[in-house]
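Asks: Counting from 13, one number per residue, gives the positions in the sequence shown under the working numbering. Let me give you the structure first, and then I'll get to my questions.
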Amino acid sequence: MDRSLYIAMSGAKQTLLAQTANANNLANANTTGFKADLEQFRSQPVFGAGFPTRVYAQNENPGTNFTA
């Protein structure tokens, strides 16, 4: 598989995971005691010859929003 296609697929997968978390947060916004999940993205560089400008997208779950 072409490496640039794999990198694009990686970004799309991470976006889908973030969208899932956002949908869960919206669906449970009025649920008593629900605490929303926080999502963020991080760029991971691709190491190797010929890849100085390519990065992977990585979705992270840094925690939960505990504010009321």
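Where a beta carbon is used, it is the ideal one built from N, C-alpha and C, also for glycine.
Could you tell me the alpha carbon to alpha carbon distance between P57 and P64, rounded to whole angstroms?
Replies: 8 angstroms
Asks: For the alpha helix (DSSP H) that contains R15, what are its first and last residues?
Replies: R15 to A39
Asks: Between which two residues does the beta strand (DSSP E) carrying N57 extend?
Replies: Note that residue 57 is Pro in the sequence shown here, rather than Asn. From DSSP, the beta strand (DSSP E) with P57 extends over D49 to P57.
Asks: Kindly indicate which residue of L50, K25 and I19 has the alpha-carbon position closest to the one of A33.
Replies: The shortest Cα separation from A33 among L50, K25 and I19 belongs to L50.
Asks: Indicate the three-state DSSP secondary structure (helix, strand or coil) for N42 in the structure shown.
Replies: coil
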